[in-house]
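A.B. asks:
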Amino acid sequence: MAVATGVAVANNYYVQPLLDTISQAFGVSHAVAGTLVTAAQLSYGLGLFFIVPLADLVERRGMIVLLMLLATTGLLVNAVAPNVTWLLIGTAITGGCSVVAQVLVPLAATLSAPEQRGKAVGTVMGGLLLGILLARVVAGTISSLFSWQAVYWVAAVAMLSCSILLWRALPQYRPQVSLNYRQLLLSVISLFKTEPVLLQRSFLGALSFAMFTLFWTPLAFLLANPPYEYSDAVIGLFGIAGIAGVMAAKWAGKLADGGKGNLGSWIGWLVGLASWLLLYFADHSLISLIAGIVLLDLAVQMAHVSNQNVIYALQPAARNRLNAGYMTSYFAGGALGSYVSVVLYQWHGWFAVCSGGVVLALVAIAFMLVTGRRKR
Numbered sequence: 002m003a004v005a006t007g008v009a010v011a012n013n014y015y016v017q018p019l020l021d022t023i024s025q026a027f028g029v030s031h032a033v034a035g036t037l038v039t040a041a042q043l044s045y046g047l048g049l050f051f052i053v054p055l056a057d058l059v060e061r062r063g064m065i066v067l068l069m070l071l072a073t074t075g076l077l078v079n080a081v082a083p084n085v086t087w088l089l090i091g092t093a094i095t096g097g098c099s100v101v102a103q104v105l106v107p108l109a110a111t112l113s114a115p116e117q118r119g120k121a122v123g124t125v126m127g128g129l130l131l132g133i134l135l136a137r138v139v140a141g142t143i144s145s146l147f148s149w150q151a152v153y154w155v156a157a158v159a160m161l162s163c164s165i166l167l168w169r170a171l172p173q174y175r176p177q178v179s180l181n182y183r184q185l186l187l188s189v190i191s192l193f194k195t196e197p198v199l200l201q202r203s204f205l206g207a208l209s210f211a212m213f214t215l216f217w218t219p220l221a222f223l224l225a226n227p228p229y230e231y232s233d234a235v236i237g238l239f240g241i242a243g244i245a246g247v248m249a250a251k252w253a254g255k256l257a258d259g260g261k262g263n264l265g266s267w268i269g270w271l272v273g274l275a276s277w278l279l280l281y282f283a284d285h286s287l288i289s290l291i292a293g294i295v296l297l298d299l300a301v302q303m304a305h306v307s308n309q310n311v312i313y314a315l316q317p318a319a320r321n322r323l324n325a326g327y328m329t330s331y332f333a334g335g336a337l338g339s340y341v342s343v344v345l346y347q348w349h350g351w352f353a354v355c356s357g358g359v360v361l362a363l364v365a366i367a368f369m370l371v372t373g374r375r376k377r
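In terms of the working numbering, the sequence shown is numbered consecutively and its last residue is 377.
1. Thinking Gln-103 and Met-328 are a contact (beta carbons under 8 Å), I'd like their distance in whole angstroms, please.
2. Decide if the region 263-282 is in contact with the region 225-243; the criterion is three or more beta carbon pairs, one per stretch, under 8 Å apart.
3. Run through DSSP, which three-state label would Pro-115 get?
4. For the region 303-318 against the region 190-205, do three or more pairs of beta-carbon atoms, one drawn from each stretch, fall closer than 8 Å, so that the two count as touching?
5. For the alpha helix (DSSP H) holding Gly-91, just list the boundary residues, first then last.
6. Here's the rule: buried if 16 or more other CB atoms are within 10 angstroms of the residue's CB, otherwise exposed. What is His-305?
7. Using the Cβ count rule (16 or more neighbours within 10 Å means buried), how would you classify Ile-23?
8. Given a cut-off of 8 Å, decide if Leu-76 and Met-160 are closer than it, judged by their beta-carbon atoms.
9. Since Tyr-331 and Phe-210 are thought to touch, with beta carbons under 8 Å apart, how far apart are those beta carbons, to the nearest angstrom?
10. List the endpoints of the continuous alpha helix (DSSP H) containing Val-155.
11. At a cut-off of 7 Å, would you count Ala-353 as near the ligand MG, judging by its Cβ distance to the nearest heavy atom?
12. Please report how far the alpha carbon of Arg-202 lies from the alpha carbon of Ala-325, in whole angstroms.
13. Which class does Tyr-340 belong to by DSSP, given the choice of helix, strand or coil?
14. Quick check on Gln-173: does DSSP put it in helix, strand or coil?
15. Which term fits Trp-348, buried or exposed, when burial requires 16 or more other beta carbons within 10 angstroms of its beta carbon?
16. Please classify Phe-147 as buried or exposed, where buried requires at least 16 neighbouring CB atoms within 10 angstroms.
17. Looking at Gly-269 and Ala-300, is the spacing between their C-beta atoms short of 8 Å?
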């Protein structure tokens, strides 16, 4: 499940190290190329709200395999896209169906024993993060050796293979929920009203992923131009620097199992603020860039897994709907972060991007202070 989750979520990140190459291939601006990242995050967010709640209504193994096959179709559209418009269409299809990752994560929580739930979620989330990181490495390497289109051919084969393996390996699981689809969607909205913790954690999740995409979206432009002038393959390798985030997911899970989930959130946001202070120097210092990536990925995963473990404990029977509400907010923040990052980069370069990251971290820290005082 961790491998399949990583392969699925990677679909949204293959494009990031390729943005400069795609911009040149189709003769479009950096801003237009950057909309591919925004499209991936927006379609993923819509899929989270409209598709993921169905996991509380239908048999999950069949749903998981169907979504993976549809995502494979979107990847094939990208592989043969003649222009940016078709690339946007393929990206939207793939992004919307790649929400299968967010059906697998709560299923792992459901199938595990309560005392091991944090570890199980952390393991699957580790696979998810590894998919995000390796997506950039794989995409950059394949693009440099062959072409950017070859990236999507390889991704389609990987998704098809995982769909076959999941069909054979997963148990059938049909939830016992007496709601229709409309009632399911309305119940997602009502959960925000009845569970204030969900609303708070969703806001923090949106800020954390906005911080994540704020950095990664314009990074290809920074590294493809002076003083670095790196190829797609080298740009993709920077994803490895964030491997610490995989360990962070497991640490956050253990803290949650020990009743210290809030500590994981604080560690995440304080480390996140420190990462942006290092990244201010990334436009001329490779050491600062790598150190900043390590801390940023660690911070985002600590905050994210801590949030998920808190919301999964609220209403076990509504776990998919809780996850849908939280992750919709999460990727809405990511879409906003990717859009704003391109605007900031064109306006005042890397300095503006880092300033935006510091603001996001400070807002999150201030929000936790205020909500913590109210709770006491």
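All residues carry an ideal CB built from backbone N, CA and C; glycine is no exception.
C.D. replies: Straight from the coordinates:
1. 5 Å
2. no
3. helix
4. Enough Cβ pairs lie closer than 8 Å, so yes.
5. 85-98
6. buried
7. buried
8. It is a contact, given that the beta carbons lie within the stated cut-off.
9. 5 Å
10. In the DSSP assignment, Val-155 falls within the alpha helix (DSSP H) that extends over 149-170.
11. Ligands in the displayed structure: none, and consequently the ligand MG is not present.
12. 13 Å
13. helix
14. coil
15. exposed
16. exposed
17. yes
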